[in-house]
């Protein structure tokens, strides 16, 4: 995923009011669920999130396959899947 698109999308999603959880799916098949607005921060395509137990998870925009915004329907994806 493009660095600018990744950073803009993450910033938009963590600022939504009311906050709605979302998932970042990585190219290796793993995923990171963002369930609190301040559990993820991003700058220039690099992100750090805090998972269970506040364990930090680092990843960059190149590792992201897609961002799933609507966890209830699991149908809306922000950004593009890697082509």
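Residue numbers (our numbering): 24 to 106.
Here a beta-carbon is modelled for each residue, glycine too, at the ideal position from N, C-alpha and C.
- The distance from the Cβ of residue 74 to that of residue 55 is about 7 Å, consistent with a contact at the 8 Å cut-off.
- Taking 8 Å as the cut-off, the Cβ atoms of residue 72 and residue 80 count as close.
- Annotated three-state conformation of residue 61 is coil, per DSSP.
- CA-CA distance, residue 59 to residue 37, rounds to 8 Å.
- Around the Cβ of residue 78, a 10 Å sphere holds fewer than 16 other Cβ atoms; the residue is exposed.
- Unbroken beta strand (DSSP E) runs of no fewer than 3 residues, entirely contained in the stretch 37 to 90, are found at 45 to 49, 54 to 57, 63 to 66, 69 to 73, 79 to 83, following chain order.
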